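One structure is given here, and the rest of the page talks about it.
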Amino acid sequence: MAMYGQIAIILHRKPDFLTNASFTMLLLLCMNPFYILDIGLQLSFAGTFGIVIGTKCFVLSKRKHKLINIIQQMLWITFWANICIFPIIAYYFHTISFTFFISNLLAAPIIEILTLLGFAIVMISFILEPIAEIASIAESFLLKIFLQIAEVVANLPLSKVWVIKPTIICIGIYYIIVGLWAFSNCMIFIKQKYQWQRKIQQKSRKIIIFLCICLIISVIPIPIHGLTLYFIDVGQGDCSVIRTPEGKNILIDGGGNENKENFNVGEQTLLPYLLNRGILHIDYMIISHFDTDHVRRLFYHFRRIVCRRGMDRKTRNEFTKLSTISENCTK
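Here it is, written out as structure tokens:
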């Protein structure tokens, strides 16, 4: 998209974001139609649209100090980029993060340098390869700093909040609300040429309020009457969930193969499965026995869901004792 924008300037054409984005998407889909399902592509385009919305549809008040204006603009762009990618992250990864402001303030300057230096290295490599190799050392050093910042921010509180997987309808309503908000605000700065623009602007608040109500209603879980059983494929071992007619959730065992050290069944299989089924808390946990393939990764899930839903000190102490016993038995 950046290249097409530069080509437009060379040809004395006005760069148009929608044209550049659409043409870029068309080329990618011509190369491989399945790119449309690629998470990286969806996040990239959604984040880019968010940045454009934040800069084109909203005008921030100017401050006296230039540095404050830069930080304000950076935070506003970060806010809108994350507004547009939140549903995609929640849909695929069942999490959202509230530390993106911190990560952007720390990492944004490094990303700009990395991008510019990367383009320079590519161009120089065609002319003077030794100089490109020297520049790549600096690029590698900055990249390590960037990854270190990402690791530190990822360990901060609220950097990974587990959420229920949203439905396609919820995501659609969400993006319509965001689009209406941006569109109605743009009409303040853009001269209205058509009658339909005035009508949308006049009724945008009512439409947004109505859609917000629809979004809230669609998120409310529908009670399931009757007994429901889930048998979860956790590889070696067993794991099952019982949902009673009264709405209680009972987890029996949790799986965990001792031969797969790098694969956490609780985090990568059990927890996403429960969030897909709209289960945010476990009322009762049953451990049939303390063999590794039944209980090893169970406590990861229990800490992530039950503790953040509220556990008193007595229950927490008993759980700590039980966890210690389990670890001793599985060694």
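For what it's worth, the numbering used here labels the leading residue of the sequence shown as 1, then goes sequentially.
Glycine included, each C-beta is placed from N, C-alpha and C at the ideal position.
Given the structure is predicted, the values throughout are model-derived calculations rather than measurements.
Let me know the secondary structure DSSP gives T228 once reduced to three states.
Translated into the one-based positions of the sequence shown, residue 228 becomes position 228. Reduced to three states, the DSSP call for T228 is strand.
Just tell me which of D38, A154, D283 and L275 has its CA closest to the CA of I252.
Working through the sequence shown from its first residue, we reach residue 252 at position 252. The candidate whose alpha carbon is nearest that of I252 is D283.
Hey, how far is the Cα of V122 from the Cα of T115?
If you number the sequence shown from 1, residue 122 lands on position 122. If you number the sequence shown from 1, residue 115 lands on position 115. Rounded to the nearest angstrom, the two C-alpha atoms are 11 Å apart.
If distances are taken between C-alpha atoms only, which option among C84, G179, I102 and W181 comes closest to I149?
Here residue 149 refers to the residue found at position 149 of the sequence shown. Ranking C84, G179, I102 and W181 by Cα distance to I149 puts I102 first.
Measuring CB to CB, does I96 end up less than 8 Å from I89?
The sequence position of residue 96 within the sequence shown is 96, counting from 1. The sequence position of residue 89 within the sequence shown is 89, counting from 1. Taking 8 Å as the Cβ cut-off, I96 and I89 qualify as a contacting pair.
Between L156 and F146, what straight-line distance do the alpha-carbon atoms span, to the nearest angstrom?
Counting from 1 along the sequence shown, the entry for residue 156 is found at position 156. Counting from 1 along the sequence shown, the entry for residue 146 is found at position 146. Approximately 16 Å, taken between the alpha carbons.
Assign I39 to one of two classes, buried (16 or more other C-beta atoms within 10 Å of its C-beta) or exposed (fewer than that).
On the sequence shown, position 39 is the one that residue 39 refers to. By the neighbour-count rule (16 or more Cβ atoms within 10 Å), I39 is not buried but exposed.
Taking 8 Å as the threshold (C-beta atoms), are L28 and L18 in contact?
As a working mapping, residue 18 is identified with position 18 in the sequence shown. As a working mapping, residue 28 is identified with position 28 in the sequence shown. No, the Cβ-Cβ distance between L18 and L28 is not below 8 Å.
Please classify V153: is it buried, with 16 or more other beta-carbons within 10 angstroms of its beta-carbon, or exposed?
Against the sequence shown, residue 153 aligns to sequence position 153. Buried is the call here.
So, at 6 Å on beta carbons, what are the nonlocal neighbours of W80 in its own chain, with the 5 sequence-adjacent residues on each side left out?
As a working note, residue 80 is residue 80 in the sequence shown. Cβ neighbours of W80 beyond the five flanking positions: G50, I53 and G54.
Can you give the Cα-Cα distance for E112 and I134, rounded to whole angstroms?
In the sequence shown, counting from the first residue as 1, residue 112 sits at position 112. In the sequence shown, counting from the first residue as 1, residue 134 sits at position 134. Distance between the alpha carbons of E112 and I134: 19 Å.
Report the residue from I71, R277, L60 and S159 whose alpha carbon sits nearest the alpha carbon of K165.
For the purposes of this step, residue 165 is identified with residue 165 of the sequence shown, where counting begins at 1. Considering only alpha carbons, the answer is R277.
Taking DSSP as the reference, what is the three-state secondary structure of F146?
Locating residue 146 in the sequence shown gives position 146, where the first residue counts as 1. The answer is helix: DSSP assigns F146 an H, G or I state.
Determine the extent of the alpha helix (DSSP H) in which S22 is found, giving its start and end residues.
As a working mapping, residue 22 is identified with position 22 in the sequence shown. Run containing S22: F17 to M31, per the alpha helix (DSSP H) assignment.
Answer with buried or exposed for L270, where buried requires no fewer than 16 other C-beta atoms within 10 angstroms of its C-beta.
Walking along the sequence shown from the start, residue 270 turns up at place 270. L270 should be labelled buried.
List the whole-angstrom C-beta distance separating S204 from S184, where the pair is believed to meet the contact cut-off of C-beta under 8 Å.
The residue given as residue 204 occupies position 204 in the sequence shown. The residue given as residue 184 occupies position 184 in the sequence shown. Indeed they touch by this definition, with Cβ atoms about 4 Å apart.
Taking C-alpha atoms, which residue in I250, L117, V163 and A46 lies nearest to M285?
Here residue 285 refers to the residue found at position 285 of the sequence shown. The shortest Cα separation from M285 among I250, L117, V163 and A46 belongs to I250.
Starting from N276 and walking both ways along the alpha helix (DSSP H), at which residues does that stretch end?
Residue 276 sits at position 276 when you count from the first residue of the sequence shown. Run containing N276: L271 to N276, per the alpha helix (DSSP H) assignment.
Looking only at its chain, what residues have a beta carbon closer than 6 Å to the beta carbon of F98, apart from the 5 residues adjacent to it on each side?
Taking the first residue of the sequence shown as position 1, residue 98 is located at position 98. Answer for F98: L158, listed in chain order.
Using only alpha-carbon positions, find the residue among L180, L227, L229 and T228 that is nearest to K206.
In the sequence shown, the residue the question calls residue 206 occupies position 206. Residue L180 is the option with its Cα nearest to K206.
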